[in-house]
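Remarks on the structure that follows.
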Amino acid sequence: MYMIKHLLLISSTKELIKESFWLYALVITFYLLFFVAIGSFLNVLIYRLPKKMSIIKKSSHCPLCGYKIKWYENIPIFSYLFLRGRCHHCQEKINIRYVIVEVLGLLVAIVSLIRFDLSYTSIIVTLLLEVFIAIFFIDKDELIIPDSLNIAVAVLGLLSIIMADITSLNHEYTIDYSDKFLSLLVNIIIIGIFYIIQKIIRKPVIGGGDLKLFLGIGLFMGWQLEILGLVIACIIGAGVELIFSKKLNRKIVPFGPYLVIGFTISLFFGPDLILWYLHLFQ
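Residue 185 is where the sequence shown starts when you use the working numbering, and the numbers rise one by one after that.
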């Protein structure tokens, strides 16, 4: 009961924070620093999850020489610039992906903050996008989406429903659970279609990790935006693979990165895109 009362105070607390500029600025600063740290942690996930290594037991180290990275050499973004992109011990180049992931971790926090303001929605959306970043790079390099990341997406989807339901207690709207059920049904149909296609052509059309991602993202976005995200992913994926097929020269196409891009576009611009499309037929 205490937790529910606490959550119901979120919106009013946000308004109180906004009344004080310095307090609001302090909260925003901590908000961004937190997600910069999350962005740095994503590099741990991207490197260790495919190798089935512990993400907490072993401290950060150089993957080439094994040098244990000191805390001041592990500050997101700044340490990479300070070390000039090289290991302090062996002087080998640090993969630029590390700083790219950290910058992306900060950017998605800023974009979510601009789009959804300081709210539980911006926090959950940012966490979802952080998971998307990890999925993008892992699937791009390893052709897998770890179950732990798909579970994280599903948990965030459930959390978004719970938080929206609690918030609705102080508002006139209620959560349409029939839409959530329909989203689950659409997911089952989509998975069934891919399964039938694979059986007919006897070739893998989509990976198991991609299908699991559908289930989790459906809880978060609803079936309309999910289908739109899938369409966008297919268009972008087909375009990229067609244009760069010779350069990429790969037999198996990682679909996860395209799904992540498609779902992100749908999440931020989906309603506007759907309205634009419907207006074309009016």
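Ideal Cβ placement from N, Cα and C applies to all residues, glycine included. Since the structure is predicted, the reported quantities are computational estimates derived from the model, not experimental observations.
Secondary structure of residue i, DSSP reduced to three states
{"i": "H272", "result": "coil"}
{"i": "K435", "result": "coil"}
{"i": "K241", "result": "coil"}
{"i": "L426", "result": "helix"}
{"i": "K254", "result": "coil"}
{"i": "S277", "result": "In the sequence under discussion, the amino acid at residue 277 is Lys, which differs from the Ser named in the question. Strand at K277."}
{"i": "R232", "result": "helix"}
{"i": "S204", "result": "coil"}
{"i": "C418", "result": "helix"}
{"i": "Q408", "result": "helix"}
{"i": "Q466", "result": "coil"}
{"i": "I381", "result": "helix"}
{"i": "I329", "result": "coil"}
{"i": "L343", "result": "helix"}
{"i": "I259", "result": "coil"}
{"i": "L217", "result": "helix"}
{"i": "L248", "result": "coil"}
For residue j and residue i, the rounded distance between their alpha carbons
{"i": "K241", "j": "G376", "result": "40 angstroms"}
{"i": "L333", "j": "I319", "result": "7 angstroms"}
{"i": "F142", "j": "K435", "result": "Past the edges of the chain, shown from 185 to 466, lies residue 142, and the structure says nothing about it."}
{"i": "D331", "j": "Q466", "result": "43 angstroms"}
{"i": "S243", "j": "I380", "result": "45 angstroms"}
{"i": "E410", "j": "L297", "result": "22 angstroms"}
{"i": "I230", "j": "F428", "result": "25 angstroms"}
{"i": "L464", "j": "L457", "result": "11 angstroms"}
{"i": "K277", "j": "L267", "result": "10 angstroms"}
{"i": "I239", "j": "K252", "result": "15 angstroms"}
{"i": "T305", "j": "L342", "result": "13 angstroms"}
{"i": "F321", "j": "L233", "result": "11 angstroms"}
{"i": "V437", "j": "F398", "result": "18 angstroms"}
{"i": "Y208", "j": "K431", "result": "48 angstroms"}
{"i": "W255", "j": "N227", "result": "15 angstroms"}
{"i": "A422", "j": "N433", "result": "14 angstroms"}
{"i": "I374", "j": "A338", "result": "17 angstroms"}
{"i": "L459", "j": "L451", "result": "14 angstroms"}
{"i": "G250", "j": "L288", "result": "26 angstroms"}
{"i": "T213", "j": "Q382", "result": "49 angstroms"}
{"i": "Y461", "j": "C274", "result": "55 angstroms"}
{"i": "L192", "j": "R299", "result": "Confidence in L192 is poor, its pLDDT being 42 and thus under 50, which makes the residue's placement unreliable; the coordinate value appears in the next sentence. Going by the C-alpha atoms only, they are around 22 angstroms apart."}
{"i": "I335", "j": "S303", "result": "23 angstroms"}
{"i": "L470", "j": "E257", "result": "No answer is possible for residue 470: the residues shown for the chain start at 185 and end at 466."}
Residue i, enclosing alpha helix (DSSP H) - first and last residue
{"i": "M405", "result": "G392 to M405"}
{"i": "R281", "result": "R281 to F300"}
{"i": "S306", "result": "Y304 to E326"}
{"i": "I445", "result": "G440 to H463"}
{"i": "L265", "result": "F262 to F266"}
Among the options, the one whose alpha carbon lies nearest that of residue i
{"i": "V309", "options": "D325, M347, D331 and L399", "result": "M347"}
{"i": "L283", "options": "K252, F225 and D325", "result": "Reading off the sequence shown, one finds Val at residue 283, where the question assumed Leu. It is F225."}
{"i": "R270", "options": "W255, L248 and A338", "result": "L248"}
{"i": "I280", "options": "G250, I335, Y264 and A293", "result": "Y264"}
{"i": "H272", "options": "C246, N227, E286 and L288", "result": "C246"}
{"i": "I259", "options": "Q275, L233 and L217", "result": "L217"}
{"i": "F378", "options": "L414, N433 and K430", "result": "L414"}
{"i": "W407", "options": "L462, P234, A209 and F447", "result": "F447"}
{"i": "Y215", "options": "E326, V295, V370 and F321", "result": "V295"}
{"i": "K235", "options": "W255, V220 and D325", "result": "D325"}
{"i": "V370", "options": "V228, R299, Q382 and G402", "result": "G402"}
{"i": "V220", "options": "M237, Q275, V292 and A422", "result": "V292"}
Cβ-Cβ distance between residue i and residue j below 7 angstroms
{"i": "F404", "j": "S367", "result": "no"}
{"i": "L412", "j": "G454", "result": "yes"}
{"i": "I328", "j": "G400", "result": "no"}
{"i": "I449", "j": "I416", "result": "yes"}
{"i": "F439", "j": "I390", "result": "yes"}
{"i": "D323", "j": "P441", "result": "yes"}
{"i": "L311", "j": "L340", "result": "yes"}
{"i": "I135", "j": "E314", "result": "There is simply no residue 135 to check, as the chain begins at 185 and stops at 466 in what is shown."}
{"i": "I261", "j": "E286", "result": "yes"}
{"i": "V211", "j": "F316", "result": "no"}
Contact test: residue i Cβ vs the ligand SAM heavy atom, cutoff 6 angstroms
{"i": "I372", "result": "Here there are no bound small molecules, and the ligand SAM is not part of this structure."}
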